[in-house]
Amino acid sequence: MLNDVQRAIGDVEREELTTKGQARIMVLKARQGGVSTDQQGRALHQIWSERGFDALTLAHTKEDTEKLFGITTRAIEHFPPALLPRLGEKGTTEVSFPGRDARLYTGTAGSKRTGRGLTIKRFHGSEFAFWGDPVALLGSVTPALVPQGSIVVLETTASGFDSPAHNFWREAAARGYRAVFYPWWLCDRANYRLPLFAYDELGALTDEEQLLLTAHGLDLEQLKWRRAKIAELTRTLFLQEYAEDPESCWAAVGGMFFDAQQIKALMLAAPEPRSVELNGALQLYDAPTNERVIIGADTAEGTGGDRSTFTARTRTTWKLRATFEDPNITPREFAALLNTWGRRLAVGGTPAFLVVEKNAHGITVLRHLVDDHQYPLAAIYHRVAHDQSQREQSGRIGWATTAESKPLMLDAGRELVTAAVERVAGNPSKAALRDAFAVRRGADGRYDLNGRDMLVSEMLAWLGRSAPVGVWGTGTYR
């Protein structure tokens with residue numbers, strides 16, 4: 006009898022084979038999902054049913070290699086005598102079927118044999134995140150894969166944030182892999198629970214527990230088990246070993262600028278778009294209101310996979326109207342898009358208030374907005390500059406992120422997260438919250454916002470709430 010996760014992975018394999026002719030899958034999961042057991046069974050079935058093809062499983066330690074091979078030998082005990090495969094010599098972890106020219110080899114990642122001499126149709130990488138050099142080791146296996154009909158299933162619990170496996174997970178689609186996630190409540194519905202001896206035994210539920218109850222359909226017995234496990238392991242280790250979402254499990258290590266528990270709770274409550282446009286790059290949320298709109302916009306620098314992003318919010322209630330992210334849009338195109346949506350989100354004929362970061366290509370976006378599209382200067386953020394000699398103030402168009410202004414942005418991020426947690430402002434988007442998990446202290450003790458583009462657009466919009474509106478008649482590109 007297959008469990009939910011085993012069935013789901015089998016469905017994904019079939020979908021990928023049907024649509025692409027091969028399956029490349031990365032599975033992020035909680036502990037004890039039965040994935041390795043299922044994959045060993047599928048590998049054994051393959052070498053029995055198909056001539057001339059091999060299957061390979063790599064575990065992350067020798068001890069785990071022996072455990073996985075033990076799964077195989079236990080399965081063989083149930084084979085009819087006439088179909089029994091041949092086990093390798095004592096001390097080896099190889100199974101083959103006489104006359105079928107097919108083998109299942111179970112080994113340890115990093116050992117000398119990682120696919121050489123095999124014609125692999127099915128490969129299972131167990132606890133991929135904990136291999137010594139996962140990407141390089143995977144590269145030593147893939148040349149042995151047959152081009153058509155081959156299956157690769159990499160499965161793992163989370164390791165450290167920004168680790169090679171974490172980066173592989175984030176880049177899975179670009180690498181040709183389908184990323185799938187299974188939280189702990191899907192991995193073992195029967196055992197991840199404790200019986201209740203009174204209905205009100207748990208007392209008042211936390212906001213996070215209430216969200217798990219309503220958003221994911223957990224019951225009180227599962228919440229009781231969760232509380233006990235957190236008390237046993239600590240919250241940090243629990244979230245890594247028993248993943249509840251595909252972000253916080255990687256973020257279990259320290260150094261975060263934001264409170265991980267708050268970000269995780271907001272992730273559970275993050276809104277879903279009511280519609281999408283531009284091939285999913287533009288996501289639309291709340292329906293129109295009579296409130297003016299603020300749009301924070303961050304322009305990609307053109308390096309490191311940066312995205313051009315914007316976040317549109319209502320000025321007072323801070324409802325999410327729209328988000329946009331695209332790594333390939335040009336500054337000219339981005340300016341045109343901001344002009345279109347700034348005017349489309351106008352209230353009473355007044356366009357949305359744009360807070361555009363001017364660093365690097367951002368100044369080009371501002372030039373196009375003003376010169377090509379005649380976007381009203383009064384509806385574009387200007388930084389106040391004081392002239393002490395003349396006792397006057399003027400405005401410089403756009404937000405400049407500098408060593409001096411970066412702490413203001415971080416403070417804005419903390420303020421908007423707190424406001425969302427306290428429910429006095431709308432929830433950030435999932436993309437912004439994913440970026441929030443990634444804001445960490447570097448070796449120099451500073452927090453890095455590079456690549457956190459959706460979060461930056463949220464911060465810029467928040468900063469725009471307190472900016473003077475409608476006072477600028479001219480602007481300088483400085």
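Each residue of the sequence shown is one higher than the one before, starting from 6 at the first, in our numbering. Even glycine gets a Cβ: it sits at the ideal position worked out from N, Cα and C. Values in this document were obtained by computation on a predicted structure and should not be read as measured data.
Would a C-beta distance cut-off of 7 Å place residue i and residue j closer than the cut-off?
| i | j | result |
| --- | --- | --- |
| ILE300 | ALA317 | yes |
| LEU73 | ALA80 | no |
| TYR182 | MET31 | yes |
| GLU296 | ARG320 | yes |
| ALA170 | ALA141 | no |
| TRP191 | VAL10 | Trp is not the amino acid found at residue 191; the sequence shown has Leu there. Contact: yes. |
| VAL360 | PHE339 | no |
| LEU350 | VAL298 | yes |
| TYR386 | GLY469 | yes |
| MET414 | ASP440 | no |
| ASN364 | THR406 | yes |
| THR304 | HIS373 | no |
| VAL444 | PHE262 | yes |
With residue i as the anchor, note down where its beta strand (DSSP E) starts and where it stops.
| i | result |
| --- | --- |
| ARG29 | 28-34 |
| ALA109 | The sequence given here places Leu at residue 109; Ala does not occur at that position. Segment 108-113, the beta strand (DSSP E) holding LEU109. |
| LYS126 | 125-131 |
Using the beta-carbon count (16 or more within 10 Å), is residue i buried or exposed?
| i | result |
| --- | --- |
| THR196 | Residue identity check: residue 196 is Asn in the sequence provided, not Thr. When all chains shown are included, ASN196 counts as exposed. |
| THR70 | buried |
| ARG326 | buried |
| PHE243 | buried |
| SER253 | buried |
| TYR204 | exposed |
| PRO433 | buried |
| ASP392 | Confidence at ASP392 is low in this model, with a pLDDT of 44, below 50, so the placement of that residue is unreliable and no value is reported for it. |
| ASP377 | exposed |
| ILE436 | One point to set straight first is that residue 436 is Ala, not Ile, in the sequence displayed. By the neighbour-count rule (16 or more Cβ atoms within 10 Å), ALA436 is buried. |
| GLN153 | exposed |
| THR24 | exposed |
| ALA302 | buried |
| ARG396 | In this predicted model, ARG396 has a pLDDT of only 46, less than 50, meaning its place in the structure is not dependable enough to derive any value. |
| THR219 | exposed |
| PRO356 | buried |
| THR314 | buried |
| SER394 | The predicted position of SER394 is uncertain, since its pLDDT is 46 and thus under 50; a value taken from the coordinates is nonetheless stated next. Classification of SER394: exposed, given that the 10 Å Cβ count is below 16. |
Thinking residue i and residue j are a contact (beta carbons under 8 Å), I'd like their distance in whole angstroms, please.
| i | j | result |
| --- | --- | --- |
| THR77 | LEU123 | That belief does not hold up - the Cβ atoms of THR77 and LEU123 are roughly 16 Å apart, past 8 Å. |
| ILE125 | LEU61 | 5 Å |
| ILE52 | VAL158 | Rounded, the Cβ-Cβ distance is 16 Å, inconsistent with contact. |
| TRP189 | LEU33 | So it is not a contact: roughly 12 Å between Cβ atoms. |
| LEU225 | LEU207 | 6 Å |
With distance defined between alpha-carbon atoms, name the residue in the options nearest to residue i.
| i | options | result |
| --- | --- | --- |
| SER289 | SER145, LYS324, ASN172, LEU33 | At residue 289 the sequence reads Leu, which differs from the Ser that was named. Per the Cα distances, LYS324. |
| ALA425 | ASN284, ALA270, ALA302, ASN344 | ALA270 |
| ARG105 | PHE58, VAL146, GLY115 | PHE58 |
| SER155 | LEU382, GLU18, ALA417 | GLU18 |
| GLU362 | MET464, ALA35, GLY115 | MET464 |
| ALA179 | GLU55, MET6, ARG29 | ARG29 |
| VAL100 | GLY144, VAL151, GLY46, ALA149 | GLY46 |
| ASN284 | ASN8, LEU109, ASP331 | ASP331 |
| GLY26 | GLN227, LEU150, LEU109 | LEU150 |
| ASP193 | SER471, TRP230, LEU218, LEU287 | TRP230 |
| GLN227 | THR98, ARG198, LYS234, ARG240 | ARG198 |
| ARG56 | THR98, MET272, PHE102 | PHE102 |
Please find out if some non-hydrogen atom of the ligand GDP comes closer than 6 Å to the beta-carbon of residue i.
| i | result |
| --- | --- |
| LEU244 | The ligand content of the structure shown is nil, which means the ligand GDP is not present either. |
Name the two residues that bound the continuous alpha helix (DSSP H) containing residue i.
| i | result |
| --- | --- |
| ASP212 | 212-221 |
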